[in-house]
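Q: Structure incoming, see below.
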């Protein structure tokens, strides 16, 4: 489906949906309605048509006819009656009355009649009115002169049968009086008499024929004679009727022949145009088929059947007077709707015809105009909408373009929209945003610059610090080196010191021993021997002290290098014992060995373990009295947390150690009895060294002793990896 | 011909004491007081046994031992390093350099005599 992607197209779609479609629908509906309305209108018009024909035209016509021809006023009646009854006296009176009444009569007839002829019941003219109008425009214009001819004398009364041919004027009996009635503008004067020849001039053959015809008419019957063209384009319609006695309607009094002005009967403003362009109004005499009046003047006087057979055929039948007939006929311009109205009183039919299609056409045209106007309006609306939407689109485009530009970096760009609507609000908001953006960017840039500045200085500072740190580091390294050096020196120092100590000691001990051997060999005096012995043993003690000091210090400071190897524990024991054998022999101490686990191997530092054993043995030796016993035993054991181990025990038969000293004796420079130990050549370091060494091997060292029961020193060492020993397990 | 023992040590008293023990045991004692003299005397006197101290000026005992052991002429001399330095590594180093034995100071003259007899055999 085509997707609407612009506001303009969206608005157009909206316009279509919300505007065009309803309008077109409405237009179509109204067109349909208008067609219906046309029908209604035609119907209405038809009804009004009929109404018009009946009311406006026919009835008015009837009224005029009634006024002018269908009703005879009293003076005329009297005149004719008296004349008919041949009552000379009454006749004279009637004549006088008539003459007196004549001005009124004529006034009332003015404008309507071109002429009026009264005849007796035989048809002989007795009175003639004639109007001559000066300026003829309509029947209301003034009459300048009216002539009235009166036939003098009683005259003969004709029977009702067809009257004989009129006698020649010369043979007429009686005298004629021509009465000239002055017109409106003139003052009334006495009647003047005219000669008889004037009457003859005034009454024409047609007049006589008409009078005679009128005499033969039935009571109440009115006959119309062809409309007669007059001077100046006027027409009159001659109407004949027999005048009967009002008291006795069967008795004929006389004949009235009236020349009514056509334009009075059929006023020009008969609204033929109301019946459309093709509409027509006509009045036709049913008896003679003569067209007495037609909205198209050229047709007046013609016969309807010849001119318009359709209409003639439509209204050929006899109809009731006063009734209107509808007929639809075909005409030269299409289907026609015709209404025929039979006039009451005269054998006339008023016909009005119209072409409904004209109205339809009008209505259709109106509908089409409607549509066209609607279309034009829509088009206009569409154009306006197009333009307006273009404006909206444009303002949005302006905003979009502005936003793009701003996005591209031009933060100084202001979006200009002056449409005073939401888009302007949007644009203003945009501009505001841009401003605040650019401000914040400016701030950021400032901050960035500051940061950069700080960075630079930071870098400098960092560099400084780094330098400082490097210097410090160098200094530290130097110090470290110095410390290491110091340490090394210290280590060296200890080694050196011990070495330095040992050097003179070596000489002392060597010479002491040499001298001792010399004197003993030479049987020297007791004192010399003894003193030499003391020197020798003290130098040995000093040596031990130095050795212990060095050893302990090394162990404590971790400077010692442990050399682990696997070896049989009994070898160490044996080596230690061997080393001290002379001492044992000298003191007469007996050594008992109880190796319960021969071949048991430990993973340990051989020399250090030997040192431990030697120390313990030396202690034992120290504290065992002469002829005492030292027992060295070794057995397997299970150490909690360390697994299988060997336990070495050195038991002496000395004085023992009080329980409260069992822990403290393993501390540096602590002795059971300081005085006693010193006397026995102890250093106070031995057990401390032993503990250090044993504990480094994750063994334990402790003493079991009671005063007077000797002392048993135990230490454990973990066994080397399990290996089945030949000789079975330790017991 | 008496068996010769070269005693190398920069401590005069130690030299004297060891020499005394050597002579008392019946052997001939030659002395050297520094490393270089030790080398010279070893090469020139062809001793049977040398007591070699480690800390000596001019040439350490290690170096003397190494050179002597490298020199086929002196390789056969029994060298006993005699030193106050009793560390494990000292002994290790000495033995690596070719020393035959390692003895710490202070020494026991009795033991020394026994050792002399053991290595050299009885004096003539």
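Chains as they are written, first to last, in the working numbering: chain A, 12 to 742; chain B, 18 to 141. Ideal Cβ placement from N, Cα and C applies to all residues, glycine included. None of the values given here were measured: they were computed from a predicted structure.
Of all the residues that make up the segment 558-574 of chain A, which are near chain B by a beta-carbon distance shorter than 7 Å?
A: 572 and 574
Q: Confirm, please, whether the CB-CB distance from residue 699 (chain A) to residue 677 (chain A) is below 9 Å.
A: For this step, residue 677 (chain A) is matched to residue 666 along the first chain. For this step, residue 699 (chain A) is matched to residue 688 along the first chain. For residue 677 (chain A) and residue 699 (chain A), yes; Cβs fall inside 9 Å.
Q: Buried or exposed, going by whether 16 or more other CB atoms sit within 10 Å of the CB of residue 444 (chain A)?
A: By one-based count along the first chain, residue 444 (chain A) stands at place 433. Per the 10 Å Cβ criterion, exposed.
Q: Do you know how far the Cα of residue 91 (chain A) is from the Cα of residue 183 (chain A)?
A: Numbered from 1 along the first chain, position 172 holds the residue referred to as residue 183 (chain A). Numbered from 1 along the first chain, position 80 holds the residue referred to as residue 91 (chain A). In this predicted model, residue 183 (chain A) has a pLDDT of only 32, less than 50, meaning its place in the structure is not dependable; the value taken from the coordinates is given anyway. Straight-line Cα distance between these residues: approximately 19 Å.
Q: What do you get for residue 133 (chain B), buried or exposed, if any count of 16 or more other CB atoms within 10 angstroms of its CB means buried?
A: As a position in the second chain, residue 133 (chain B) is number 116, starting the count at 1. Flag for residue 133 (chain B) reads buried.
Q: Give the single residue among A:382, A:294 and A:397 whose Cα lies nearest to the Cα of residue 751 (chain A).
A: This structure cannot speak to residue 751 (chain A), because chain A is shown only from 12 to 742.
Q: Check this for me: beta carbons of residue 614 (chain A) and residue 729 (chain A), under 9 Å apart or not?
A: For this step, residue 614 (chain A) is matched to residue 603 along the first chain. For this step, residue 729 (chain A) is matched to residue 718 along the first chain. Their beta carbons are under 9 Å apart, which means residue 614 (chain A) touches residue 729 (chain A) by this criterion.
Q: Please compile the residues from chain B whose C-beta is within a distance smaller than 8 Å of the C-beta of residue 618 (chain A).
A: On the first chain, residue 618 (chain A) is found 607 positions in, with the first residue counted as 1. The contacting residues are 105.
Q: When you compare each of A:721, A:23, A:22 and A:41 to residue 380 (chain A) by their alpha carbons, which one comes out closest?
A: Numbered from its first residue, the first chain carries residue 380 (chain A) at position 369. Each of A:721, A:23, A:22 and A:41 was checked against the Cα of residue 380 (chain A), and the nearest Cα belongs to A:41.
Q: Mapping the DSSP letters down to three states, classify residue 431 (chain A) as helix, strand or coil.
A: For the purposes of this step, residue 431 (chain A) is taken as the residue at position 420 of the first chain. If DSSP states are grouped into helix, strand and coil, residue 431 (chain A) belongs with coil.
Q: Is there a C-beta anywhere in chain B that falls below 9 Å from the one on residue 542 (chain A)?
A: The residue labelled residue 542 (chain A) in the question sits at position 531 within the first chain. Interface with chain B (9 Å Cβ-Cβ cutoff): residue 542 (chain A) is excluded.
Q: Would you say residue 729 (chain A) reaches chain B, if we count a Cβ-Cβ gap shorter than 9 Å as a contact?
A: For the purposes of this step, residue 729 (chain A) is taken as residue 718 along the first chain, with counting starting at 1. Judged by the 9 Å Cβ criterion, residue 729 (chain A) is not in contact with chain B.
Q: Mind checking residue 29 (chain B): buried by the 16 CB within 10 Å criterion, or exposed?
A: Along the second chain, one-based indexing puts residue 29 (chain B) at 12. The residue is exposed, with fewer than 16 neighbouring Cβ atoms inside 10 Å.
Q: If we count Cβ pairs, one from each stretch, closer than 8 Å, do we get three or more for the segment 250-257 of chain A versus the segment 227-234 of chain A?
A: yes
Q: Note down, in chain order, every chain B residue with its Cβ under 8 Å from the Cβ of residue 554 (chain A).
A: As a first step, residue 554 (chain A) is located in the first chain; it is residue number 543 there, counting from the start. 123, listed in chain order.
Q: Just to confirm the assignment, what range does the alpha helix (DSSP H) spanning residue 29 (chain B) have?
A: The residue given as residue 29 (chain B) occupies position 12 in the second chain. 29-42 is the extent of the alpha helix (DSSP H) around residue 29 (chain B).
Q: Under 9 Å between beta-carbons, which chain B residues line up against residue 628 (chain A)? List them in chain order, please.
A: Residue mapping note: residue 628 (chain A) aligns to position 617 of the first chain, counting from 1. Result: empty, since nearest Cβ-Cβ is about 17 Å, beyond 9 Å.
Q: Which residues in chain B have a C-beta closer than 7 Å to the C-beta of residue 522 (chain A)? List them in chain order.
A: The residue labelled residue 522 (chain A) in the question sits at position 511 within the first chain. Ordered by position in chain B, the residues that pass the 7 Å Cβ test against residue 522 (chain A) are 34.
Q: For a cutoff of 9 Å on Cβ pairs, would you count residue 582 (chain A) as touching chain B?
A: Position 571 of the first chain, counted from the start, is the residue given in the question as residue 582 (chain A). Chain B, which has no Cβ nearer than 9 Å to the Cβ of residue 582 (chain A), makes this no.
Q: Tell me the residue span of the beta strand (DSSP E) that contains residue 143 (chain B).
A: This structure cannot speak to residue 143 (chain B), because chain B is shown only from 18 to 141.
Q: Under 9 Å, do residue 357 (chain A) and residue 76 (chain A) count as touching if we go by C-beta distance?
A: Within the first chain, the letter at position 346 stands for residue 357 (chain A). Within the first chain, the letter at position 65 stands for residue 76 (chain A). Against a cut-off of 9 Å, the Cβ pair of residue 76 (chain A) and residue 357 (chain A) comes out as a contact.
Q: Rounded to the nearest angstrom, what separates residue 144 (chain A) and residue 270 (chain A) at their Cα positions?
A: Translated into positions along the first chain, residue 144 (chain A) becomes position 133. Translated into positions along the first chain, residue 270 (chain A) becomes position 259. Bear in mind that the predicted position of residue 144 (chain A) carries a pLDDT of just 42, short of 50, making it unreliable; the figure below should be weighed with that in mind. Taking the straight line from one Cα to the other gives about 14 Å.
Q: Rounded to whole angstroms, what's the CA-CA distance from residue 352 (chain A) to residue 66 (chain A)? Just pull it up for me.
A: By one-based count along the first chain, residue 352 (chain A) stands at place 341. By one-based count along the first chain, residue 66 (chain A) stands at place 55. For residue 352 (chain A) and residue 66 (chain A), the distance between alpha carbons rounds to 10 Å.
Q: Give me the Cα-Cα distance between residue 498 (chain A) and residue 139 (chain B), rounded to the nearest whole angstrom.
A: Counted from its first residue, the first chain places residue 498 (chain A) at position 487. Counted from its first residue, the second chain places residue 139 (chain B) at position 122. If you take the alpha carbons of residue 498 (chain A) and residue 139 (chain B), they lie about 47 Å apart.
Q: To the nearest angstrom, report how far apart residue 456 (chain A) and residue 437 (chain A) are at their CA atoms.
A: Reading the first chain from its first residue, position 445 is the one you call residue 456 (chain A). Reading the first chain from its first residue, position 426 is the one you call residue 437 (chain A). The straight-line gap from Cα to Cα measures roughly 27 Å.
Q: Could you please give the first and the last residue of the uninterrupted beta strand (DSSP E) stretch that includes residue 590 (chain A)?
A: The residue you call residue 590 (chain A) lines up with position 579 of the first chain. From DSSP, residue 590 (chain A) is part of no beta strand (DSSP E) but of the alpha helix (DSSP H) over 580-598.
Q: Hey, residue 24 (chain B) and residue 126 (chain B) are a contact pair by Cβ (cut 8 Å); roughly how many whole angstroms apart?
A: Counted from its first residue, the second chain places residue 24 (chain B) at position 7. Counted from its first residue, the second chain places residue 126 (chain B) at position 109. Not a contact, Cβ separation roughly 13 Å.
Q: Among residues of its own chain, excluding the 5 on either side of residue 103 (chain B), which ones have a beta-carbon nearer than 6 Å to its beta-carbon?
A: Residue 103 (chain B) sits at position 86 when you count from the first residue of the second chain. Around residue 103 (chain B): 121.
Q: Under the rule that 16 or more other beta-carbon atoms within 10 Å means buried, what is residue 337 (chain A), buried or exposed?
A: For the purposes of this step, residue 337 (chain A) is identified with residue 326 of the first chain, where counting begins at 1. Residue 337 (chain A) should be labelled exposed.
Q: Could one say the Cβ of residue 74 (chain B) lies closer than 9 Å to chain A's Cβ atoms, at least one of them?
A: Within the second chain, residue 74 (chain B) is the residue found at index 57, counting from 1. Closer than 9 Å: no.
Q: Starting from residue 83 (chain B), find everything on chain A with Cβ-Cβ shorter than 9 Å and list it in chain order.
A: In the second chain, the residue the question calls residue 83 (chain B) occupies position 66. Contact of residue 83 (chain B) with chain A by beta-carbon distance below 9 Å is absent, the smallest such distance being about 21 Å.
Q: Strictly under 9 Å for the Cβ-Cβ distance: is residue 516 (chain A) near chain B by that measure?
A: Here residue 516 (chain A) refers to the residue found at position 505 when the first chain is read from its first residue. Taking CB atoms only, residue 516 (chain A) has a neighbour in chain B less than 9 Å away.
Q: Can you tell me the Cα-Cα spacing of residue 554 (chain A) and residue 532 (chain A), whole angstroms?
A: Position 543 of the first chain, counting from 1, holds the residue named residue 554 (chain A). Position 521 of the first chain, counting from 1, holds the residue named residue 532 (chain A). Spanning the two alpha carbons is a distance of roughly 25 Å.
Q: Should residue 58 (chain B) be flagged as near chain A, meaning a C-beta pair shorter than 9 Å?
A: For the purposes of this step, residue 58 (chain B) is identified with residue 41 of the second chain, where counting begins at 1. The beta-carbon of residue 58 (chain B) is placed no less than 9 Å from the nearest beta-carbon of chain A.
Q: In the DSSP assignment, find the beta strand (DSSP E) that holds residue 727 (chain A) and state where it starts and stops.
A: As a first step, residue 727 (chain A) is located in the first chain; it is residue number 716 there, counting from the start. Residues 722-729.
Q: Cβ closer than 7 Å: which chain B residues qualify as neighbours of residue 510 (chain A)?
A: Here residue 510 (chain A) corresponds to residue number 499 of the first chain, with the count starting at 1. In chain order: 72, 101 and 102.
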